[in-house]
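Chains as they are written, first to last, in this note's numbering: chain A, 238 to 352; chain B, 42 to 155.
Here the structure is laid out as structure tokens; the discussion comes afterwards.
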């Protein structure tokens, strides 16, 4: 079975600064995908970014980028130029080819962006 | 394009009762997954439905059951409610049965069991 661990329950960052959220995972699979989801207060969960394990290049979506270290099983999210609207819970998630169509989520990191 | 919707928004039940939660998938999506999110935790996968058939199940007891209809909307049924069933129940739809597709989440149903 796979596990996803987010070791930072809470983080804060000043507006316009950069912050990195950590995620590690454990799996024996070779073909898998990793995701970061954002859950704003009382709002719907939305996909921030995804990474295919077979791709060496780190995924980037505007101000959001990942540092994918496959050997270390690490998948961190970097948010540049933080905005007040980035305040949310952030969840790292894993999907594996043999995982029974299951998305496995970490426990989340609560990010507060301060003005 | 209509997004994922869920009903009801909030629900209060007592132990031993049964509950039905509903989800309408995003237009064009034929796959619905259900998750349970306890307070302060990440979502946990309950099961997935693809073209009206169960297509994967997490570690939940049989009193958690589901249905998917020909229009791809879905229901989650929970029998013999327990206090620990209090949680936010999320459904997510995706384009096809392949979970590499992006899952689009609904706003959730907050269930409180007293």
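The beta carbon of each residue, even a glycine, is placed where N, CA and C say it ideally should be.
Since the structure is predicted, the reported quantities are computational estimates derived from the model, not experimental observations.
Can you pull the chain A residues whose beta carbon is under 9 angstroms from the beta carbon of residue i, in chain order?
i	result
residue 96(B)	337, 338
residue 105(B)	In chain order: nothing, as chain A lies at least about 14 angstroms away.
What distance in whole Å lies between the Cβ atoms of residue j and residue i, which are believed to be in contact at a cut-off of 8 angstroms?
i	j	result
residue 51(B)	residue 113(B)	The pair is not a contact, with the Cβ atoms about 25 angstroms apart (cut-off 8 angstroms).
residue 313(A)	residue 299(A)	In fact, because the Cβ distance is near 17 angstroms, the residues do not count as touching under 8 angstroms.
residue 337(A)	residue 97(B)	4 angstroms
residue 315(A)	residue 252(A)	Not quite, the Cβ-Cβ distance comes to about 16 angstroms (not below 8 angstroms), so this is no contact.
residue 150(B)	residue 47(B)	5 angstroms
residue 154(B)	residue 123(B)	7 angstroms
residue 242(A)	residue 343(A)	6 angstroms
residue 107(B)	residue 118(B)	7 angstroms
residue 247(A)	residue 347(A)	5 angstroms
With distances taken from CA atoms, which of the options is nearest residue i?
i	options	result
residue 325(A)	243(A), 274(A), 292(A)	274(A)
residue 272(A)	348(A), 339(A), 349(A)	339(A)
residue 289(A)	295(A), 297(A), 270(A), 283(A)	270(A)
residue 301(A)	320(A), 344(A), 293(A), 311(A)	320(A)
residue 143(B)	247(A), 246(A), 283(A)	283(A)
residue 291(A)	285(A), 242(A), 333(A), 248(A)	333(A)
residue 281(A)	153(B), 88(B), 45(B)	45(B)
residue 86(B)	131(B), 136(B), 135(B)	131(B)
residue 120(B)	88(B), 61(B), 53(B)	61(B)
residue 250(A)	318(A), 345(A), 335(A)	318(A)
residue 102(B)	152(B), 145(B), 88(B)	88(B)
residue 137(B)	147(B), 146(B), 95(B), 73(B)	73(B)
residue 94(B)	105(B), 104(B), 110(B)	110(B)
residue 92(B)	145(B), 146(B), 135(B), 147(B)	135(B)
residue 345(A)	294(A), 296(A), 306(A), 244(A)	244(A)
residue 308(A)	293(A), 322(A), 297(A)	293(A)
Which chain B residues sit within Cβ distance under 9 angstroms of residue i?
i	result
residue 314(A)	Within 9 angstroms Cβ-Cβ: nothing; residue 314(A) doesn't reach chain B, min ~15 angstroms.
residue 281(A)	44, 45, 131, 145, 146, 147, 148, 149
Starting from residue i, find everything on chain A with Cβ-Cβ shorter than 8 angstroms and list it in chain order.
i	result
residue 46(B)	What residue 46(B) touches in chain A: nothing, since even the nearest Cβ is about 10 angstroms away.
residue 82(B)	344, 345
residue 110(B)	The contacting residues do not exist; residue 110(B) stays about 19 angstroms from chain A at best.
Please list, in chain order, the chain B residues whose beta carbon lies closer than 7 angstroms to that of residue i.
i	result
residue 284(A)	143
Kindly list, in the order they appear in chain A, the residues whose Cβ is closer than 7 angstroms to that of residue i.
i	result
residue 89(B)	338
residue 99(B)	339
Quick one: which chain B residues come within Cβ less than 8 angstroms of residue i?
i	result
residue 328(A)	83, 84
Near-chain E residues of the stretch 335-346 of chain A (beta-carbon distance less than 9 angstroms), N- to C-terminal order: The structure shown contains no chain E; its protein chains are A and B.
Counting pairs of Cβ atoms below 8 angstroms between the stretch 259-271 of chain A and the stretch 325-337 of chain A, do you hit three or more? yes
contact_flag[the stretch 275-287 of chain A, the stretch 53-68 of chain B] where n(CB pairs < 8 angstroms) is 3 or more: no
Quick test of the definition: if touching needs 3 or more C-beta pairs under 8 angstroms, does the stretch 75-83 of chain B touch the stretch 124-134 of chain B? yes
Write down every uninterrupted run of the beta strand (DSSP E) in the stretch 299-326 of chain A whose length is 3 residues or greater and which is fully enclosed by it, in chain order. 301-306, 311-316
Uninterrupted beta strand (DSSP E) stretches inside the stretch 64-126 of chain B (no shorter than 3 residues): 72-78, 85-91, 94-98, 105-109, 115-119
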